[in-house]
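All remarks here apply to the structure that follows.
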Amino acid sequence: MPDASFSAWTIVFLIAAVQGGFVALALLMRKRGQRLANRLLAVLLLMFSFTLFEYVMYWTNYIFRFMHLANLSAQLPYLFGPLVYLYLRTIYEQRPLSRRDLWHLLPFVIAVMLYLPWLMLDAATKAAITTGKAGFPISRIILQLLLWARVAHLFGYAVWNAWYLHQQPRVGKTARWARLINGFYLGFLLAYTSYFVLIRFPFFSLAWDYHISATMTAFIYLIAYAGYVQPAVFDGFDFTDPGAPVKYKNSSLTEEAGRSLLKKLTELMVQEQLYRNPELNLDALANSLDASKHHVSQIINEHIGLSFFEYINQLRIEDAKQLLAETSRSDLHVIEVAYAVGFNNKVSFNNAFKRLTGMTPTAFRKSHARTDDSSSGQPGAVGAQ
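See the structure below:
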């Protein structure tokens, strides 16, 4: 067994890995703010921290004392891109995860299945393979396929994330934070790819290997620093920004056309209640209005002062308040009200309702039931329902 020892760099990376675990735990336990976004970020942090920890174990030779940890993080990069995308989507749209999002896990699941022959080995065999005394249980072709598929997968999500951010508002704190997160993802991608390219050249040294860890370390400290200096990144930014009008200074939408489009939007929402469609997005709304999505986004931002999803959720909550307040509809369960107005699940509905009204849907219904009893002079009405 090779001698185990630490260097200055491995100590730095180990501290970063441990700190990343604590920051992730703090995010998971955080009860206020955008909880789904925080959880996605926490999972990403945990994966970076574990990968970093495993690298430290290799560099210090401590991996030979815990061989079952060897290569456990090898396929985790298949999850980095999806987690960044889902995090960006959540902070912009506040949209809950759905079953369709499970497709993002498919490449990771396939990679793990192909990697099972290694994962099922005993510690002694893994140690022999790691020291070159035994052959790897997976063919070289499959290993190379997994490696370059990981790189291609990371690049694919880099393009997807960049395209997604291009569709979103480009001013305000949310936009700046989103670009920063994606920037660190691109930095990791560059370091990760360069490692597997440079390792094939004679001038390669361990210093190049440290580049990947350096990007993960920087990401961990970014999240820790942001949580200390600007905790609003975990509470959810205000999507309306004083500088937002600058974004539309070159817009082709005239003031008169904007008023006309706003009127058409209002009429459409009142008459057809499009917001009740849980799959409604900006593209679908723009098609219904026969207008460009940029113009629709502009009138919602400038004339209503909300983002698209804030506007839709506000309409849904107003509709829900009417349904909850109607004594004739008191037999309608809260979850049924949530589905009726366009929400996919009760958690998102409760969060949006409380954010806009200051109380839960159940508390709102009870308060209106008491008001109805008081005005009708029938103190036993609530108990009879």
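Per our numbering, the very first residue in the sequence shown carries number 78; after that it's consecutive. Quick reminder that beta carbons are idealized off the backbone N, C-alpha and C, glycines included. Bear in mind that the values here come from a model prediction, so they are computed numbers and not experimental data.
Integer-rounded CB distance, given that residue j should sit under 8 Å from residue i
i: P355; j: F426; result: That belief does not hold up - the Cβ atoms of P355 and F426 are roughly 11 Å apart, past 8 Å.
i: L165; j: Y241; result: 6 Å
i: A235; j: I168; result: With 8 Å as the limit, A235 and I168 do not qualify as a contact, their Cβ atoms being about 18 Å apart.
i: R227; j: Y155; result: 6 Å
Pairwise C-alpha distance: residue j and residue i
i: I53; j: L191; result: For residue 53 there is no data in the structure shown, the boundaries of the chain being 78 and 462.
i: Q350; j: S365; result: 12 Å
i: W243; j: H145; result: Just to set this straight, residue 243 is His in the shown sequence, not Trp. For H243 and H145, the distance between alpha carbons rounds to 42 Å.
i: S444; j: K398; result: 12 Å
i: A296; j: F261; result: At residue 296 the sequence reads Phe, which differs from the Ala that was named. Roughly 6 Å between the two C-alpha positions.
i: F441; j: T434; result: 8 Å
i: I140; j: P438; result: 53 Å
i: G158; j: Q171; result: 19 Å
i: L299; j: N422; result: 32 Å
i: I88; j: S126; result: 14 Å
i: A93; j: Q375; result: 42 Å
i: K203; j: H181; result: 30 Å
i: M134; j: Y162; result: 30 Å
i: L224; j: A147; result: 16 Å
i: P214; j: N138; result: 22 Å
i: I525; j: W86; result: This structure leaves residue 525 out entirely; the chain is present only between 78 and 462.
i: E131; j: A268; result: 17 Å
i: R112; j: L105; result: 8 Å
i: L193; j: A103; result: 32 Å
i: F386; j: L222; result: 40 Å
i: L179; j: E333; result: 44 Å
i: K510; j: A114; result: Here the chain has residues from 78 to 462 only, and residue 510 is not among them.
i: L201; j: L174; result: Reading off the sequence, residue 201 comes out as Ala, not Leu. Going from the Cα of A201 to the Cα of L174 covers about 41 Å.
i: M346; j: Y352; result: 7 Å
i: A415; j: I377; result: 23 Å
i: L338; j: T251; result: 27 Å
i: W237; j: A402; result: 43 Å
Closer than 6 Å: residue i CB and nearest the ligand PLP heavy atom
i: I168; result: The model on display carries no ligand, and the ligand PLP is accordingly not part of it.
Status (buried if at least 16 other CB within 10 Å, exposed otherwise) for residue i
i: A151; result: buried
i: F90; result: buried
i: Y302; result: exposed
i: G97; result: buried
i: E384; result: The question names Glu, but residue 384 in the sequence shown is Ser. Its Cβ being crowded by 16 or more others within 10 Å, S384 is buried.
i: M197; result: exposed
i: W136; result: buried
i: R142; result: exposed
i: E395; result: exposed
i: L266; result: buried
i: Q348; result: exposed
i: S290; result: buried
i: P184; result: buried
i: H230; result: buried
i: A429; result: buried
As assigned by DSSP and simplified to three states, the class of residue i
i: Q399; result: helix
i: N421; result: coil
i: K108; result: coil
i: E356; result: coil
i: L266; result: helix
i: G335; result: helix
i: H410; result: coil
i: V323; result: Because the pLDDT of V323 is 46, which lies under 50, any placement of that residue in the model is unreliable, and the number read from its coordinates should be weighed accordingly. Of the three classes helix, strand and coil, the one that applies to V323 here is helix, per DSSP.
i: M124; result: helix
Notebook entry, point to check: Which ranges would you report for the alpha helix (DSSP H) in the region 128-188 if only whole runs of at least 4 residues count?
Noted result: Runs of the alpha helix (DSSP H) lying entirely within the region 128-188 and spanning at least 4 residues, in chain order: 154-170.
Next item on the list: Any chance you could list the beta strand (DSSP E) runs of at least 3 consecutive residues sitting entirely within the region 203-244, in chain order?
Entry: Fully enclosed beta strand (DSSP E) runs of 3 or longer: not present.
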